[in-house]
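If you read the sequence shown in my numbering, its first letter stands for residue 77, the second for the next number, and so on.
Please read the structure below before turning to the comments.
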Amino acid sequence: MNLSILLLAFKSLRSNKLRSVLSVLGIVIGTFTIVFVNAISNGVDSFIKNQLSFLNATSIFVEPSSTSFASSRLKEEDLDEVLPKTKYVSVGTVLSMGRANVSAEGETEAYMLVGTTETFLEVMNFSVEIGRYFTKNEVAASDKVVIVGKDIAKKFFDREDVVGESITIGKKKFRIIGVLGDAPSISGMSFNAIVYIPYTTSKRFIVGTSGNTHALVFVAKDAESVTLAAEEVRTILRKLHNIREGEVDDFNVFEQKAMVSAINLITGALTFLLIGIAVLILIVSGVGIMNIMYASVAERTQDIGVMRAVGARQKDIIFQFLSESVTLALFGALVGIGFSEAFIFLLNRLDLGFALVRGNFGDIFALGFTGTLAVFFGIYPAIRASKLDPVEALK
Numbered sequence: 077m078n079l080s081i082l083l084l085a086f087k088s089l090r091s092n093k094l095r096s097v098l099s100v101l102g103i104v105i106g107t108f109t110i111v112f113v114n115a116i117s118n119g120v121d122s123f124i125k126n127q128l129s130f131l132n133a134t135s136i137f138v139e140p141s142s143t144s145f146a147s148s149r150l151k152e153e154d155l156d157e158v159l160p161k162t163k164y165v166s167v168g169t170v171l172s173m174g175r176a177n178v179s180a181e182g183e184t185e186a187y188m189l190v191g192t193t194e195t196f197l198e199v200m201n202f203s204v205e206i207g208r209y210f211t212k213n214e215v216a217a218s219d220k221v222v223i224v225g226k227d228i229a230k231k232f233f234d235r236e237d238v239v240g241e242s243i244t245i246g247k248k249k250f251r252i253i254g255v256l257g258d259a260p261s262i263s264g265m266s267f268n269a270i271v272y273i274p275y276t277t278s279k280r281f282i283v284g285t286s287g288n289t290h291a292l293v294f295v296a297k298d299a300e301s302v303t304l305a306a307e308e309v310r311t312i313l314r315k316l317h318n319i320r321e322g323e324v325d326d327f328n329v330f331e332q333k334a335m336v337s338a339i340n341l342i343t344g345a346l347t348f349l350l351i352g353i354a355v356l357i358l359i360v361s362g363v364g365i366m367n368i369m370y371a372s373v374a375e376r377t378q379d380i381g382v383m384r385a386v387g388a389r390q391k392d393i394i395f396q397f398l399s400e401s402v403t404l405a406l407f408g409a410l411v412g413i414g415f416s417e418a419f420i421f422l423l424n425r426l427d428l429g430f431a432l433v434r435g436n437f438g439d440i441f442a443l444g445f446t447g448t449l450a451v452f453f454g455i456y457p458a459i460r461a462s463k464l465d466p467v468e469a470l471k
């Protein structure tokens, strides 16, 4: 009996195609939004983790504040002053950045230079794939040695193993002693297209980089002491920069985990807002389905009377109308999911800077919530239909 009632429900939906299509339109939009927003959220989360993967999990990043004067900017000497006075910091490095013309094999290209220390690899999650990194003695002696990213090696020499080759930076010749392993990109800047040089060498030989310290990066001894280490670094730097109590810092201190948490909070709030809008659309669509079910009950009063007269039970009538409601909703949900999957696929073919990552949560939530709404908004019209008096219905 249930199968015949289910087939009758499908027949009823087919006989009112326009009304059925209009009633599921909101469901399609709502489920599309849920799945698409979930893919964006997953993609952004994956993108952020990849972007920050070059930082140690216990990293503390210090940069000059946007309001600080040139005379009070960070200096390489700050690193030497901070490290001996800390209890919770294990290692630190300097990042002195600039651009310069790099030449080799008759070609010249402008590249980013990073002046740093021998501890750079301990602070950043990088490795030298070919050759070696520069030593403490080479930093102290301002030796003209460099580490290059893979992109630079391939650009000038058409191969990755370029240890022993020479490049010219500005007008000075430098010896390549190592090639960096695969490194990520952040904000459009690829770490594979950077020349790494002792910061002392940069100050001495590269025009325009003297005293130009963009950041200090420290690593806490363990995950539990990151916040203590950050506060310790801040306190020492305030004393070094002669900042009085009540005055604003001329630098900013960021914890890697705090940066991730802040970004996740923002993306999470945005995701919650958009999914909330999608859920609201689905609820409104559910109300629309309920109204359509009421209209269907009114139009099919005599049909209901005939069914009751030939032996259909109240639960059979309820089952039929609930079947129509759930079928409408789930059909709309499946169409919405299908559209979202196709849209995600097309967008991932484009260069968006990050990939949308499809997750099962969006599909399951959309189907489950839509099915629940269909039952919730379809049950009352179904019960009303089941309680019609057969005699009155046949008049």
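Where a beta carbon is used, it is the ideal one built from N, C-alpha and C, also for glycine.
Original post:
If you draw a straight line from the C-alpha of serine 301 to the C-alpha of threonine 276, how long is it?
Top reply: 31 Å
Subject >> Other residues of its chain near alanine 259: CB distance less than 6 Å, five sequence neighbours each side excluded >> reply: Phe202, Phe267 and Asn268
Subject >> Outcome for threonine 134 when other beta-carbon atoms lying within 10 angstroms are tallied against a minimum of 16 >> reply: buried
**OP:** Pick helix, strand or coil for arginine 28, following the three-state DSSP scheme.
**Re:** With the chain covering 77 to 471 only, the question about residue 28 has no answer from this structure.
Subject >> Limits of the unbroken alpha helix (DSSP H) element including tyrosine 275 >> reply: 275-281
Original post:
Straight-line CA distance for alanine 305 to glycine 408?
Top reply: 54 Å
**OP:** Give a yes or no on contact between the segment 316-332 and the segment 203-221, applying the rule of three or more CB pairs nearer than 8 Å.
**Re:** no
Subject >> Burial state of glycine 119, where buried means 16 or more other Cβ atoms lie within 10 Å >> reply: buried
Subject >> Straight-line Cα distance separating asparagine 424 from leucine 432 >> reply: Approximately 6 Å, taken between the alpha carbons.
**OP:** Using the Cα positions of alanine 345 and leucine 428, report the straight-line distance between them to the nearest angstrom.
**Re:** The alpha-carbon of alanine 345 is positioned some 22 Å away from that of leucine 428.
**OP:** Measuring alpha carbon to alpha carbon, tell me which of Ile339, Phe453, Leu171 and Phe233 ends up nearest isoleucine 273.
**Re:** Leu171
**OP:** For serine 148, name the three-state secondary structure that DSSP assigns.
**Re:** For serine 148, the pLDDT reaches just 48, beneath the cut-off of 50, and the residue's location in the model is therefore unreliable, although a value from the coordinates is still provided. Helix, per DSSP.
Original post:
For valine 402, which residues of its own chain have a beta-carbon under 8 Å away from its beta-carbon, when the five flanking residues on both sides are left out?
Top reply: Gly447, Ala450, Val451 and Gly454
**OP:** Return the chain-ordered ranges of every alpha helix (DSSP H) run that is complete within the segment 211-271 and spans a minimum of 4 residues.
**Re:** 212-216 and 226-233
**OP:** Hey, could you find the ends of the beta strand (DSSP E) serine 172 is sitting in?
**Re:** 165-180
Subject >> Collapsed DSSP secondary structure at asparagine 328 in the structure displayed >> reply: strand
**OP:** Compute the Euclidean distance between the alpha carbons of isoleucine 357 and isoleucine 124, then round it to the nearest angstrom.
**Re:** 30 Å
**OP:** On a CA-only basis, which of Leu189, Met188, Thr211 and Tyr187 is nearest glutamate 198? Give me that one, please.
**Re:** Thr211
**OP:** Quick one: measure Cβ to Cβ for phenylalanine 419 and phenylalanine 112, integer angstroms, because I've assumed they're closer than 8 Å.
**Re:** 7 Å
Subject >> Proximity below 8 Å, CB of alanine 458 to CB of isoleucine 353 >> reply: no
**OP:** Go ahead and label leucine 150 buried or exposed: buried means 16 or more other beta carbons lie within 10 angstroms of its beta carbon, across all protein chains shown.
**Re:** buried
**OP:** Let me know if leucine 404 comes out buried or exposed under the rule of 16 or more other beta-carbons within 10 Å of its beta-carbon.
**Re:** buried
Subject >> Own chain partners of leucine 155 with C-beta closer than 6 Å, once the 5 adjacent residues on each side are dropped >> reply: Gly168, Val170 and Leu292
**OP:** Have a look at the DSSP bridge pairing and note the partners of glutamate 139.
**Re:** Asn328
Original post:
How long is the line joining the alpha carbons of alanine 180 and phenylalanine 430, rounded to whole angstroms?
Top reply: Distance from the CA atom of alanine 180 to the CA atom of phenylalanine 430, rounded to whole angstroms, is 33 Å.
**OP:** Express the C-alpha separation of histidine 317 and serine 147 in angstroms, rounding to a whole number.
**Re:** Any reading at serine 147 must be qualified, since the residue scores a pLDDT of 47, below 50, and its modelled position is unreliable; no value is offered.
**OP:** Rounded to whole angstroms, what's the CA-CA distance from isoleucine 30 to alanine 334? Just pull it up for me.
**Re:** Only positions 77 to 471 of the chain appear in this structure, which leaves residue 30 out of reach.
Original post:
Taking C-alpha atoms, which residue in Glu185, Val411, Ile365 and Glu323 lies nearest to glycine 246?
Top reply: If we check each option's Cα against that of glycine 246, Glu185 comes out closest.
Original post:
DSSP three-state call for phenylalanine 294: helix, strand or coil?
Top reply: strand
**OP:** Output the distance between the C-alpha atoms of leucine 349 and asparagine 340, rounded to the nearest integer angstrom.
**Re:** 14 Å
Subject >> Backbone CA spacing between serine 117 and threonine 303 [nearest angstrom] >> reply: The alpha-carbon atoms of serine 117 and threonine 303 are separated by roughly 28 Å.
Original post:
What do you get for glycine 322, buried or exposed, if any count of 16 or more other CB atoms within 10 angstroms of its CB means buried?
Top reply: exposed
Original post:
Would you call the CB atoms of phenylalanine 294 and valine 165 closer than 8 Å?
Top reply: Cβ distance < 8 Å, so phenylalanine 294 and valine 165 count as in contact.
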